[in-house]
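In this text, residue positions in the sequence shown follow full-length UniProt numbering: the first is 1, and each later residue adds one.
In this text, a Cβ means the ideal position worked out from N, Cα and C, and glycines have one as well.
Written below as structure tokens is the structure these notes are about.
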Amino acid sequence: MLKNPSSKYQPFPLINIPNRQWPSRHLTHAPIWCSVDLRDGNQALAVPMNVSQKLDMFDALVQCGFKEIEVGFPSASNTEFQFNRRLIEEKRIPEDVTIQCLVQAREDLIEKTVESLIGAKQVVIHMYNSTSPAQRKYVFGKSKEEIIAVAVKGAQMIKDRLHRLTAGGTKVTLQYSPESFSATEVEFAKEISEAVMDVWQPTPENKMILNLPDTVEVAMPNVYADQIEWICTNIKNRESLIISLHTHNDRGTGTAATELGLLAGADRVEGTLFGNGERTGNLDIVQVAMNLYMHGIDPKLDFSDMSGLISMYERTTGMTVPPRQPYAGELVFTAFSGSHQDAIKKGLAGYEQHKSIWDVPYLTIDPEDIGREYREVIRVNSQSGKGGVAYLLESEFGIELPKDMQREFGPLANDIVDKLGREVTAAELKGMFWKEYIERESPYSLHHFHADGVDGVFTCRCSLVINGKERGITGKGNGPIAAFAQALIQEAGAPAFEVATYREQSLSSGTEASALAYIQIKTTSGKTIWGAGVDTNIELASIKAVLSAVNRAA
Ligand code: KIV
Ligand code: ZN
Numbered sequence: 001m002l003k004n005p006s007s008k009y010q011p012f013p014l015i016n017i018p019n020r021q022w023p024s025r026h027l028t029h030a031p032i033w034c035s036v037d038l039r040d041g042n043q044a045l046a047v048p049m050n051v052s053q054k055l056d057m058f059d060a061l062v063q064c065g066f067k068e069i070e071v072g073f074p075s076a077s078n079t080e081f082q083f084n085r086r087l088i089e090e091k092r093i094p095e096d097v098t099i100q101c102l103v104q105a106r107e108d109l110i111e112k113t114v115e116s117l118i119g120a121k122q123v124v125i126h127m128y129n130s131t132s133p134a135q136r137k138y139v140f141g142k143s144k145e146e147i148i149a150v151a152v153k154g155a156q157m158i159k160d161r162l163h164r165l166t167a168g169g170t171k172v173t174l175q176y177s178p179e180s181f182s183a184t185e186v187e188f189a190k191e192i193s194e195a196v197m198d199v200w201q202p203t204p205e206n207k208m209i210l211n212l213p214d215t216v217e218v219a220m221p222n223v224y225a226d227q228i229e230w231i232c233t234n235i236k237n238r239e240s241l242i243i244s245l246h247t248h249n250d251r252g253t254g255t256a257a258t259e260l261g262l263l264a265g266a267d268r269v270e271g272t273l274f275g276n277g278e279r280t281g282n283l284d285i286v287q288v289a290m291n292l293y294m295h296g297i298d299p300k301l302d303f304s305d306m307s308g309l310i311s312m313y314e315r316t317t318g319m320t321v322p323p324r325q326p327y328a329g330e331l332v333f334t335a336f337s338g339s340h341q342d343a344i345k346k347g348l349a350g351y352e353q354h355k356s357i358w359d360v361p362y363l364t365i366d367p368e369d370i371g372r373e374y375r376e377v378i379r380v381n382s383q384s385g386k387g388g389v390a391y392l393l394e395s396e397f398g399i400e401l402p403k404d405m406q407r408e409f410g411p412l413a414n415d416i417v418d419k420l421g422r423e424v425t426a427a428e429l430k431g432m433f434w435k436e437y438i439e440r441e442s443p444y445s446l447h448h449f450h451a452d453g454v455d456g457v458f459t460c461r462c463s464l465v466i467n468g469k470e471r472g473i474t475g476k477g478n479g480p481i482a483a484f485a486q487a488l489i490q491e492a493g494a495p496a497f498e499v500a501t502y503r504e505q506s507l508s509s510g511t512e513a514s515a516l517a518y519i520q521i522k523t524t525s526g527k528t529i530w531g532a533g534v535d536t537n538i539e540l541a542s543i544k545a546v547l548s549a550v551n552r553a554a
């Protein structure tokens, strides 16, 4: 990279708007959406979609609620042409959906495009030519006047052929894009757009779409918003236009540019699912729609089955959705850090109680709204705190570790996860808990236990295997646990201890209901140690928990 980038690059000039309005506006409703997955998205694939993949994608877009879908560039390839014909002839386009086709301002291409649309109920014919200084100079070698002439001629050629569609009852909306708009002088963009308007003669009843593409992001999103506001304010016959945004993501701000462009007065947004498209991609429509949704605005698109949509997208395009893609990525509703996990756990519990406005920390939306599960929210890796470990055991297996025991088991689990060097599943975590507490059989293992109580005094008789040898022991106390503790200390040589805490819970796994007991013992040196035992009999579960703690202390 250059030490002095200004020797090669320059900032984009600002737009002179003395009294810009967009910064103090806010979004209140969804724009008109137009998916360009089947055209801009498709043309950027290493292997473009075949007709059956395009049909799959088309159906999924309809299912999401798109009412305008750019289905292709029918003059550019036979697949695209055939796709249009199948959509129309097989009556696959719902009554309320408009298909859109892109075409350059060239007669042969316009001819073919019109032919591909015959028989459709409603269509948008989208004509474009490029207008920026670099395109004018390097690509076309044309003056501003000559570039305007190209647009006007194309607009006229389309107008001259409209009767071939309207005669059959097709409703046609016309769309013009000064391609590379955001890199074009606003005055020139206005001039060329008005020249096209002069040909097409839009009215408030029969509007045309003026699409203002951020073909390549060349500036910050506030500059794009200024460009949009400038056009909305200065163009003639604004009321006869649907102002449309079409952003790309070269500087990583496609979503921001679109949102600010909407504040600046645009009515319509073009983009793709998950941002597929040339280079860094088109605008990810899912993001803008879900951003509206998280502010309580109906986006008029439905992403309830986000996982199904991702599968369709990956199957048809061969692209993948990155794990951290907003709203859609696999890790979006996953918290790795302990403090996040703890906050989410508390937030979810709070939300469960009040069930009104979503205010769970770290989660912009309820994952359930887009078909995701809370189960995905928390996973455990070496960075996770005790809260995450406890949450997972409780949410997956109903194991409710006492708070103080969480403090003991959390670091033990983290150590093991750290050594594994990877994330662990809930089942693996339960395995660790079982190994640490439930399956402890050394130095003491219980073979048999029986306790009787008379007048509040309990006597226990049990047999233990101690260091490989079976041995019978007895003890007395004010309950079975106390009697067992005495037998262990006085007859089995266990170091002296007292029971500090006792908790129990029922646990159902499969058809069997069992009990899980937690015991915390305190040794004479003041050390506290937890144990746990599981059995269908609650008394035996508690005895096993005592032995688990004593074994762990040994
Ligand atoms: O990015 C762009 O400018 C385009 C136009 C054809 C609308 O895709
Ligand atoms: Zn584009």
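### Query
Between the stretch 357 to 364 and the stretch 311 to 324, do at least 3 Cβ pairs fall closer than 8 Å?
Result no; under three Cβ-Cβ pairs closer than 8 Å.
#### Entry: Sub-8 Å separation of ARG85 and GLU229 beta-carbons
Position 85 of the sequence shown, counted from the start, is the residue given in the question as residue 85. Position 229 of the sequence shown, counted from the start, is the residue given in the question as residue 229. It is not a contact, given that the beta carbons lie outside the stated cut-off.
### Message
Out of PHE409, GLU373, PRO31 and ALA183, which one is the CA nearest neighbour of THR131?
### Response
As a working note, residue 131 is residue 131 in the sequence shown. The shortest Cα separation from THR131 among PHE409, GLU373, PRO31 and ALA183 belongs to ALA183.
### Task
Closer than 6 Å by C-beta to PHE181: which residues in its own chain qualify, once you throw out the five before and the five after it? Chain order, please.
As a working mapping, residue 181 is identified with position 181 in the sequence shown. The beta carbon of PHE181 sits closer than 6 Å to those of ALA189, LEU212 and PRO213, all from its chain and outside the five residues before and after it, given in chain order.
#### Entry: Cβ-Cβ distance between ILE235 and SER193 below 8 Å
Here residue 235 is taken as the residue at index 235 of the sequence shown, counted from 1. Here residue 193 is taken as the residue at index 193 of the sequence shown, counted from 1. Going by C-beta atoms, ILE235 is nearer than 8 Å to SER193.
### Task
Would you mind stating whether ALA426 and THR459 have Cβ atoms separated by less than 8 Å?
Counted from its first residue, the sequence shown places residue 426 at position 426. Counted from its first residue, the sequence shown places residue 459 at position 459. In this structure, ALA426 lies away from THR459, with their beta-carbon atoms at least 8 Å apart.
#### Entry: Backbone CA spacing between ILE93 and VAL223 [nearest angstrom]
Start at 1 with the first residue of the sequence shown, and residue 93 comes out as number 93. Start at 1 with the first residue of the sequence shown, and residue 223 comes out as number 223. Computed Cα separation, rounded: 38 Å.
### Query
For LEU429, which three-state DSSP category applies?
If you number the sequence shown from 1, residue 429 lands on position 429. Helix at LEU429.
### CB contact check: VAL51 to chain D, cutoff 8 Å
Among the protein chains of the structure shown there is no chain D, as only one such chain exists.
### Message
Only counting the same chain, and skipping five residues up and downstream in sequence, which positions put a Cβ closer than 8 Å to that of LYS67?
### Response
Translated into positions along the sequence shown, residue 67 becomes position 67. Cβ within range, chain order: ILE32, TRP33, ASP96, VAL97 and THR98.
### Message
With DSSP as the reference, identify every bridge partner of GLY533, one or two as the case may be.
### Response
By 1-based counting over the sequence shown, the position of residue 533 is 533. When DSSP reads this structure, GLY533 sits in a beta bridge with ALA517.
### Message
Please list the terminal residues of the continuous alpha helix (DSSP H) segment that includes residue 563.
### Response
Missing from the structure shown is residue 563; the chain here goes from 1 to 554 and no further.
### Query
Helix, strand or coil: which one does DSSP assign to GLU376?
Translated into positions along the sequence shown, residue 376 becomes position 376. Low per-residue confidence applies at GLU376: pLDDT is 47, beneath 50, and the placement is therefore not dependable, though the value from the model is reported in the following sentence. Shown here, GLU376 sits in a helix according to DSSP, grouped into three states.
### Task
Could you work out which residue in LYS345, LEU55 and ALA494 is closest to GLY388 when comparing CA atoms only?
Here residue 388 refers to the residue found at position 388 when the sequence shown is read from its first residue. Comparing Cα-Cα distances from GLY388 to each of LYS345, LEU55 and ALA494, the minimum goes to LYS345.
### Task
Closer than 6 Å by C-beta to LEU547: which residues in its own chain qualify, once you throw out the five before and the five after it? Chain order, please.
Within the sequence shown, residue 547 is the residue found at index 547, counting from 1. The beta carbon of LEU547 lies closer than 6 Å to those of TYR444 and LEU446 in the same chain, with the five residues before and after it left out.
### Closest residue to HIS248 among GLY41, SER514 and ALA515 (Cα-Cα distance)
Taking the first residue of the sequence shown as 1, we reach residue 248 at position 248. Minimum Cα distance to HIS248 is reached at GLY41.
### Query
Taking Cβ to Cβ, would you say ILE285 is nearer than 8 Å to VAL269?
Sequence index remark: in the sequence shown, residue 285 carries index 285 (1-based). Sequence index remark: in the sequence shown, residue 269 carries index 269 (1-based). Yes.
### Task
Compute every distance between the C-beta of THR280 and the non-hydrogen atoms of the ligand ZN, then say whether any falls below 7 Å.
As a first step, residue 280 must be located in the sequence shown, where it is residue number 280. THR280 Cβ: outside cutoff for every heavy atom of the ligand ZN.
### Message
Let me confirm a value: GLY254 is counted as buried when at least 16 other C-beta atoms fall within 10 Å, else exposed. Which label applies?
### Response
Taking the sequence shown and counting its residues from 1, one reaches residue 254 at position 254. By the 10 Å Cβ count, GLY254 comes out buried.
### Query
Name the DSSP beta bridge partners of SER35, please?
In the sequence shown, the residue the question calls residue 35 occupies position 35. Paired residues: ILE69 and GLY271.
### Message
I believe LEU429 touches ALA413 by the beta-carbon criterion, under 8 Å. Please report the beta-carbon distance rounded to the nearest angstrom.
### Response
Working through the sequence shown from its first residue, we reach residue 429 at position 429. Working through the sequence shown from its first residue, we reach residue 413 at position 413. Their Cβ separation, rounded to whole angstroms, is 6 Å, which keeps LEU429 and ALA413 in contact under 8 Å.
### Message
Going by DSSP, what residue range makes up the alpha helix (DSSP H) through GLY475?
### Response
Position 475 of the sequence shown, counting from 1, holds the residue named residue 475. Note, GLY475: premise wrong, no alpha helix (DSSP H); beta strand (DSSP E) at 469 to 477.
### Message
I'd like the span of the alpha helix (DSSP H) that includes LYS159, first residue to last.
### Response
Counted from its first residue, the sequence shown places residue 159 at position 159. Segment 144 to 166, the alpha helix (DSSP H) holding LYS159.
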